[in-house]
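Listed in order, the protein sequences are those of chains A and L.
Heads up: the first sequence begins at 1 in my numbering, then just goes up one per residue.
Heads up: the second sequence begins at 1001 in my numbering, then just goes up one per residue.
Think of the CB as a built atom: it goes at the ideal place given N, C-alpha and C, for glycine as much as any other residue.
Number of protein chains: 2
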Amino acid sequence: MCKKSTPLEKLGEFGLIKHLTRDINYHQFSSIIGIGDDAAVLDFKSNKILVSTDLLIEGIHFNLAYTPLKHLGYKAVVMNISDIYAMNAKPTQITISIAVSNRFSLESIDEFYVGIKMACNYYKVDLIGGDTSTSTFGMIISMTAIGTAKDIVLRKGAKLNDLLVVSGDLGAAYLGLQILKREYEVFKINPNLQPELGGYEYIIQRQLKPEAPKKILSIFNTVNVKPTSMIDISDGLASDILHICDMNKLGCRIFEEKLPIDPQTLLACEEFKLNPSIAVLNGGEDYELLFSIELKDYEKIKFQYDFSVIGYMTSFVEGAKFITKGGELVSITAQGWVTN
Amino acid sequence: MCKKSTPLEKLGEFGLIKHLTRDINYHQFSSIIGIGDDAAVLDFKSNKILVSTDLLIEGIHFNLAYTPLKHLGYKAVVMNISDIYAMNAKPTQITISIAVSNRFSLESIDEFYVGIKMACNYYKVDLIGGDTSTSTFGMIISMTAIGTAKDIVLRKGAKLNDLLVVSGDLGAAYLGLQILKREYEVFKINPNLQPELGGYEYIIQRQLKPEAPKKILSIFNTVNVKPTSMIDISDGLASDILHICDMNKLGCRIFEEKLPIDPQTLLACEEFKLNPSIAVLNGGEDYELLFSIELKDYEKIKFQYDFSVIGYMTSFVEGAKFITKGGELVSITAQGWVTN
């Protein structure tokens, strides 16, 4: 029995928008008018507003051969709102624009939107706008997240000797991706083989359906700690710690032995003959937070959530350094992206 | 002598962002923090906020064979902020994300940003964020415009017998595009022939470097008229008038003889054997406004700007009708898009 497959041109642009947005619920008082006019209308009273935008391109940021569209929709929202959480703010609205080629059916786009709506419901974020278009090649997703905050934390603000803390564990999403890629290569050679994903459920979930650091802000609130600086760890710890150093004209020391790494990540690293620290430093897509706190606040956070103190801020001249388990001092360098 | 061409990978992602945003000026008090953190921070005090987003894809929305990148940057901003003006609001900030393949050099992206910055300076809109990426194919542009308003005008609000008014002239951008396409076809056959654009400067400009309806809002203010409904005419008059009818559960009558069409548009229509009214109804990309006003306000606006009363709202059962110069009554139908 084959799945139903409705060509998108049957609906046309406006029909598609109506179809995709027919069952959208709004959670936020600040969403006055959502989809359906030239622009959405928001009212934040006198609170400050946060805006962050992301672009995701098939073949660059995701591969639909091993990424279910529902997961992709969920992950897209998470990626976008993570930047708002990283400002110590609450995401409230999101716009999503998509362009797809004619290989996508209405049913496949519906799957993508099921994921988007699941994430919106879970994070209480309202989908207030977007654009739909055809593409000449593959799928393109563009998102803008909007949020609000009373007490913003910037990348700038870290002081000498502040502790560097990360939430959750790192490197898992990168290793999850390696597993998915490997199984996809096997599948290409023999499509009848079942993928071997057993034992790697956690790291695959971290890749396919990550979560944004929603709870962390309420913890800061509960224990009355305001980080002195904060950044989203989505480009890999190395790149993000360098942003913090750069912004604050400081150096840092990060201790390899303090890096929080899940056992599944370690196991996969062994299998792929990868150094776990490299996965943490350069892997990316962890959607955790890296923040600095004053030394005096350490006691308040040490038993909270799964925070890990991984190092501290040093002076600019000392540079950004990584101390290996063997006691070696290595300079941290960023991985940028390179055009293909 | 060949032009300088620096590959983008020489800078990397963060280097490129730094380079592109090195000379950005901010005009708005509401822009607290722009590019350089996880999110931009805005403060609109207690004013309402407008958000609108657009996606532009090479090969679908623009053709770089006859669109200079500087013009494309300018037009992208105009397209995006037009939606904010259409809410009777003032655009204040914009985010721009781009993805480009390796055929783009740093110099070509610089050209694109020159256009963006020109438009931002002219319209006093602040570029507060964005994302850069590689693409597998061509250029992708995604934009989100943010604005503020005290007295918003929606698509909903038109009443029976309200007059329908458009700003400027219509159909020009579509005919400008036909001229550019024709000259491109000639160029493909014989690259040594110079394009024949003489006499069509206005309509080509309407296609390549349109302007947003910036002045119109101040006119409404001056003459103390608040439209009962308003929409941006970017999808063609037919599609946009149907949105107004649909939203208000009303019909309309539009008079062919009242459509404002520039002489250059008419001349080009003759050359291409096109019906000018079809160009107006279905051409699109005019970035003018269609709005409804109460009958009593007619005297206030009739000598203002280049407003044209093109018809009026009727009851729902009368439908959306177009009255030709010959007195024939035709139903207005929308053109959607079709996946390719």
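Test: residue i CB closer than 8 Å to a CB of chain A
i                 : result
Ile1332 (chain L) : no
Ile1216 (chain L) : no
Asp1232 (chain L) : yes
Ile1024 (chain L) : no
Phe1303 (chain L) : no
Ala1119 (chain L) : no
Ile1060 (chain L) : yes
Ala1172 (chain L) : no
Residue i classed as buried or exposed, judged by whether at least 16 other C-beta atoms fall within 10 angstroms
i                 : result
Thr333 (chain A)  : exposed
Phe62 (chain A)   : buried
Leu989 (chain L)  : Residue 989 (chain L) cannot be examined here, being either before or after the span of chain L that is shown, 1001 to 1340.
Gly343 (chain A)  : The question about residue 343 (chain A) has no answer, for chain A in this structure spans 1 to 340.
Asn1080 (chain L) : buried
Pro91 (chain A)   : buried
Lys117 (chain A)  : buried
Arg342 (chain A)  : As shown, chain A starts at 1 and ends at 340. That puts residue 342 (chain A) outside it, with no answer to give.
Gly1130 (chain L) : buried
Asn1102 (chain L) : exposed
Thr222 (chain A)  : exposed
Ile216 (chain A)  : buried
Asp37 (chain A)   : buried
Leu1197 (chain L) : exposed
Glu1328 (chain L) : exposed
Asp1297 (chain L) : buried
Glu13 (chain A)   : buried
Ser331 (chain A)  : exposed
Beta-carbon proximity list for residue i, same chain, < 7 Å, skipping 5 on both sides
i                 : result
Ser31 (chain A)   : Leu42, Gln93, Asp126 and Ile128
Ala1005 (chain L) : Looking at the sequence itself, residue 1005 (chain L) is Ser, so the reference to Ala does not match. These residues qualify, in order along the chain: Ser1105 and Glu1107.
Glu1256 (chain L) : Ser1277, Phe1322, Ile1323, Thr1324 and Lys1325
Ala1089 (chain L) : Leu1050, Gly1147, Thr1148, Ala1149 and Ile1152
Ala65 (chain A)   : Tyr184
Glu1294 (chain L) : Asp1162 and Thr1228
Val114 (chain A)  : Lys70 and Gly73
Asp1083 (chain L) : Ser1052, Ala1145 and Asp1232
Thr1067 (chain L) : Leu1208
Phe1137 (chain L) : Ser1101
Phe1226 (chain L) : The amino acid at residue 1226 (chain L) is misidentified as Phe; the sequence shows Lys. Correct list, in chain order: Asp1151, Val1153 and Phe1220.
Close-in-space but distant-in-sequence residues of the same chain around residue i (CB under 6 Å, 5 per side omitted)
i                 : result
Gly1199 (chain L) : none
Met1139 (chain L) : Glu1058 and Val1100
Lys1249 (chain L) : Phe1316
Leu55 (chain A)   : Ser142
Lys48 (chain A)   : Ala149
Glu1201 (chain L) : none
Ile1404 (chain L) : Only positions 1001 to 1340 of chain L appear in the structure, and residue 1404 (chain L) is not among them; the question remains open.
8 Å Cβ cutoff, residue i in contact with chain L
i                : result
Ile140 (chain A) : yes
Ile244 (chain A) : no
Thr144 (chain A) : yes
Ala353 (chain A) : Nothing can be reported for residue 353 (chain A): it is not among the residues displayed for chain A, which extend from 1 to 340.
Phe137 (chain A) : yes
Ala320 (chain A) : no
Ala39 (chain A)  : yes
Contacts around residue i, its chain only, beta-carbon distance under 8 Å, and the 5 residues preceding and following it disregarded
i                 : result
Pro1260 (chain L) : Val1166, Gly1168, Asp1169, Leu1170, Asp1306, Ser1308 and Ile1310
Asn1275 (chain L) : Cys1269
Ser135 (chain A)  : Ala99, Val100 and Ser101
Select from the stretch 1123–1135 of chain L all residues with a C-beta closer than 7 Å to any C-beta belonging to chain A, and list them in chain order. If the cut-off is 7 Å between Cβ atoms, the stretch 1123–1135 of chain L has Ile1128, Gly1129, Gly1130, Asp1131, Ser1133, Thr1134 and Ser1135 near chain A.
Going along the stretch 79–105 of chain A in order, which residues come within less than 9 Å of chain L, judged by CB to CB distance?
Within the stretch 79–105 of chain A, those residues whose Cβ lies closer than 9 Å to any Cβ of chain L are, in chain order, Ser82, Asp83, Ile84, Tyr85, Ala86, Met87, Ala89, Gln93, Thr95, Ile96, Ser97, Ile98, Ala99, Val100, Ser101, Asn102 and Phe104.
Using a beta-carbon distance cut-off of less than 9 Å, what residues from the stretch 1042–1058 of chain L approach chain A? For the stretch 1042–1058 of chain L, the set of positions with a beta-carbon nearer than 9 Å to some beta-carbon of chain A reads Leu1042, Asp1043, Phe1044, Lys1045, Ser1046, Asn1047, Lys1048, Ile1049, Leu1050, Val1051, Ser1052, Thr1053, Asp1054, Leu1055, Leu1056, Ile1057 and Glu1058 in chain order.
Could you tell me whether the stretch 206–219 of chain A touches the stretch 162–180 of chain A, where touching means 3 or more Cβ pairs closer than 8 Å? Yes: the two stretches touch, three or more of their Cβ pairs being nearer than 8 Å.
Along the stretch 147–160 of chain A, where does the CB come closer than 9 Å to a CB of chain L? Name the residues. The residues in question are Gly147, Ala149, Ile152, Leu154, Arg155 and Lys156.
Given 8 Å, three or more beta-carbon pairs between the stretch 1241–1251 of chain L and the stretch 1181–1196 of chain L = No, the stretch 1241–1251 of chain L is not in contact with the stretch 1181–1196 of chain L.
Near-chain D residues of the stretch 268–301 of chain A - C-beta to any C-beta below 8 Å
Judged by its chain identifiers, the structure shown contains no chain D, and its protein chains are A and L.
For the stretch 1231–1240 of chain L and the stretch 1270–1290 of chain L, state whether three or more C-beta atom pairs, one from each stretch, are separated by less than 8 Å. Yes, since at least three Cβ pairs between the stretch 1231–1240 of chain L and the stretch 1270–1290 of chain L fall closer than 8 Å, the two stretches touch.
**Message:** Between the stretch 1146–1153 of chain L and the stretch 1263–1276 of chain L, can you find at least three pairs of beta-carbon atoms closer than 8 Å?
**Reply:** With the cut-off at 8 Å, the stretch 1263–1276 of chain L and the stretch 1146–1153 of chain L do not touch.
Quiz item: Using Cβ-Cβ distances below 9 Å, what residues of the stretch 9–37 of chain A are close to chain L?
Solution: Interface annotation for the stretch 9–37 of chain A against chain L: Glu9, Leu11, Gly12, Glu13, Phe14, Gly15, Leu16, Ser30, Ile32, Ile33, Gly36 and Asp37, criterion Cβ-Cβ distance under 9 Å.
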